[in-house]
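*Asks:*
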Amino acid sequence: MVLHATPSRDSARAASEAEPDLPREGAGEARRRPAAFYSSVFAQIEEVGWERLVSGKGDGGVSCLVFRVLDDQGRNHLLEITLPMNYPACPPSLVADVPFLPELQWSKSSRLKDVICQFQEHLRILQDYWSIMDDIDKVLWVVDPTKPTYAMSHRCIALGDDCYVLLHVDVRKPRSLPECRFLGTDGELDRLIINWRKNRKKWTCRVVHGVFPSNNKLGMQQKCNKYMFCY
Numbered sequence: 077m078v079l080h081a082t083p084s085r086d087s088a089r090a091a092s093e094a095e096p097d098l099p100r101e102g103a104g105e106a107r108r109r110p111a112a113f114y115s116s117v118f119a120q121i122e123e124v125g126w127e128r129l130v131s132g133k134g135d136g137g138v139s140c141l142v143f144r145v146l147d148d149q150g151r152n153h154l155l156e157i158t159l160p161m162n163y164p165a166c167p168p169s170l171v172a173d174v175p176f177l178p179e180l181q182w183s184k185s186s187r188l189k190d191v192i193c194q195f196q197e198h199l200r201i202l203q204d205y206w207s208i209m210d211d212i213d214k215v216l217w218v219v220d221p222t223k224p225t226y227a228m229s230h231r232c233i234a235l236g237d238d239c240y241v242l243l244h245v246d247v248r249k250p251r252s253l254p255e256c257r258f259l260g261t262d263g264e265l266d267r268l269i270i271n272w273r274k275n276r277k278k279w280t281c282r283v284v285h286g287v288f289p290s291n292n293k294l295g296m297q298q299k300c301n302k303y304m305f306c307y
């Protein structure tokens, strides 16, 4: 009879901790990628820069990668890149806090650096939109959202006398006339809507100051917008 030694619980636990990425029963797709995939991804991360890698998870930490990307104005963006099982034959999927994602131009020879470059170019397209949204947040009394994200294209602005306007800015044409919905008491609301319909054709993106109450909340309840709404 031959006795087969079995590892103790402590030694098995130590082995598991030493090799956390080894596949376990029921682990599903763990370790199904070829070894060349890992060396290729590591090399591609090196091209982008390890200092830009925020986190990685899945398949030894390389199937879902999060990179930090700065736009031209120094805004910090996190780009999540998920690599499919047949990468690079198929393009990765992207997640980011932006109004809409870019359509990747992809081929079998494309690499992670190409994804980053295309995302940076996409951020450049959105610079004017974000600059306008930043000005709205700085100048006007925005009551919602209180903590806007880069993907949000709406703002609810207080006008005084319990009146508000809900703006939806066109991300692709941020200086065009926004979609407006007025909220408030019946009397003031009617006056605002009439005034808006009468003056909206005079819209100009050059008129910024003096058309909305400022974000200085002192005395706001004593004011009501009586002008054309322009931005």
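In terms of the working numbering, the sequence shown opens at residue 77 and continues consecutively.
Positions of the beta carbon are idealized from the N, C-alpha and C atoms, including for glycine.
For the alpha helix (DSSP H) containing Ser116, name the first residue and the last one.
*Replies:* The residue you call residue 116 lines up with position 40 of the sequence shown. For Ser116, the enclosing alpha helix (DSSP H) starts and ends at 111-124.
*Asks:* Between the Cα of Arg248 and the Cα atoms of Met209, Gly125, Glu127, which residue gives the shortest distance?
*Replies:* On the sequence shown, residue 248 is found 172 positions in, with the first residue counted as 1. Per the Cα distances, Met209.
*Asks:* Excluding sequence positions up to five away, which residues of its chain have a Cβ less than 6 angstroms from the Cβ of Val245?
*Replies:* The sequence position of residue 245 within the sequence shown is 169, counting from 1. Only Ser229, Pro254 meet the Cβ criterion.
*Asks:* Quick check on the DSSP output: the alpha helix (DSSP H) that includes Leu188 runs from which residue to which?
*Replies:* Taking the first residue of the sequence shown as 1, we reach residue 188 at position 112. 188-201 is the extent of the alpha helix (DSSP H) around Leu188.
*Asks:* Closest to Trp272 by C-alpha separation, out of Thr261, Asp262, Gly263, Arg257, would be which residue?
*Replies:* Taking the first residue of the sequence shown as 1, we reach residue 272 at position 196. Residue Arg257 is the option with its Cα nearest to Trp272.
*Asks:* Return the residue from the list Leu146, Thr222, Arg231, Ala165 that minimises the CA-CA distance to His198.
*Replies:* On the sequence shown, residue 198 is found 122 positions in, with the first residue counted as 1. The residue with the shortest Cα to Cα distance from His198 is Leu146.
*Asks:* Is the distance from the Cβ of Arg128 to the Cβ of Ile233 below 9 angstroms?
*Replies:* Within the sequence shown, the letter at position 52 stands for residue 128. Within the sequence shown, the letter at position 157 stands for residue 233. No, Cβ-Cβ distance for Arg128 and Ile233 is not below 9 angstroms.
*Asks:* Can you tell me which of Ser207, Ser131, Pro168, Tyr226 puts its alpha carbon nearest to the alpha carbon of Gln194?
*Replies:* Taking the sequence shown and counting its residues from 1, the one referred to as residue 194 is at position 118. The option with the nearest alpha carbon to Gln194 is Pro168.
*Asks:* Whole angstroms is fine: what's the gap from Leu294's alpha carbon to Thr261's?
*Replies:* Translated into the one-based positions of the sequence shown, residue 294 becomes position 218. Translated into the one-based positions of the sequence shown, residue 261 becomes position 185. Any reading at Leu294 needs caution, since the residue's pLDDT is 40, under 50, leaving its predicted position unreliable; the model's value is listed next. Cα to Cα, Leu294 sits roughly 21 angstroms from Thr261.
*Asks:* So Trp188 packs on Leu177, CB below 8 angstroms; how close in whole Å?
*Replies:* Start at 1 with the first residue of the sequence shown, and residue 188 comes out as number 112. Start at 1 with the first residue of the sequence shown, and residue 177 comes out as number 101. According to the sequence as given, residue 188 is Leu; it is not Trp. Incorrect: roughly 16 angstroms between the Cβ atoms, too far for contact.
*Asks:* Would you check if the distance between the CB atom of Arg231 and the CB atom of Asp220 is smaller than 9 angstroms?
*Replies:* Here residue 231 refers to the residue found at position 155 when the sequence shown is read from its first residue. Here residue 220 refers to the residue found at position 144 when the sequence shown is read from its first residue. One thing to note: Arg231 has its Cβ within 9 angstroms of the Cβ of Asp220.
*Asks:* State the DSSP-derived secondary structure class of Ser133, mapped to helix, strand or coil.
*Replies:* Within the sequence shown, residue 133 is the residue found at index 57, counting from 1. Per the sequence presented here, residue 133 reads as Lys, with Ser not at that position. Note: Lys133 maps to strand in three-state DSSP.
*Asks:* Is it right to say Arg109 is buried, meaning 16 or more other beta carbons lie within 10 angstroms of its own, or is it exposed?
*Replies:* The residue labelled residue 109 in the question sits at position 33 within the sequence shown. Buried, because 16 or more other Cβ atoms sit within 10 Å of the Cβ of Arg109.
*Asks:* Can you tell me whether Asn152 is helix, strand or coil according to DSSP?
*Replies:* If you number the sequence shown from 1, residue 152 lands on position 76. Asn152 falls in the strand class under three-state DSSP.
*Asks:* Determine, using beta carbons only, whether Cys239 comes closer than 9 angstroms to chain E.
*Replies:* The structure shown has no chain E; it contains just one protein chain.
*Asks:* Alpha carbon to alpha carbon, how far is Lys184 from Tyr114? Give it in angstroms, no decimals.
*Replies:* For the purposes of this step, residue 114 is taken as the residue at position 38 of the sequence shown. For the purposes of this step, residue 184 is taken as the residue at position 108 of the sequence shown. Roughly 16 angstroms between the two C-alpha positions.
*Asks:* Report whether the distance from the Cβ of Asn271 to the nearest heavy atom of the ligand ATP is below 8 angstroms.
*Replies:* In the structure on display, the ligand ATP does not appear, and there are no ligands present to speak of.
*Asks:* State the Cα-Cα distance for the pair Asn275 and Val241, rounded to the nearest angstrom.
*Replies:* Here residue 275 corresponds to residue number 199 of the sequence shown, with the count starting at 1. Here residue 241 corresponds to residue number 165 of the sequence shown, with the count starting at 1. Between Asn275 and Val241, the C-alpha separation is close to 15 angstroms.
*Asks:* Between the C-alpha atoms of Leu235 and Val218, what's the straight-line distance to the nearest angstrom?
*Replies:* Mapped onto the sequence shown, residue 235 falls at position 159. Mapped onto the sequence shown, residue 218 falls at position 142. Cα to Cα, the separation comes out at about 10 angstroms.
*Asks:* Assign Asp266 to buried or exposed, taking buried as 16 or more other Cβ atoms, counted over all protein chains shown, within 10 Å of its Cβ.
*Replies:* As a working note, residue 266 is residue 190 in the sequence shown. Around the Cβ of Asp266, a 10 Å sphere holds fewer than 16 other Cβ atoms; the residue is exposed.
*Asks:* Throw me the rounded Cβ distance for the Asp173 and Thr225 pair, which I believe falls under 8 angstroms.
*Replies:* Your numbering for residue 173 matches position 97 in the sequence shown. Your numbering for residue 225 matches position 149 in the sequence shown. 5 angstroms between Cβ atoms; contact.
*Asks:* Would you decide whether Leu154 is buried or exposed? Buried here means 16 or more other CB atoms lie within 10 Å of its CB.
*Replies:* Reading the sequence shown from its first residue, position 78 is the one you call residue 154. Exposed, since its Cβ has fewer than 16 Cβ neighbours within 10 Å.
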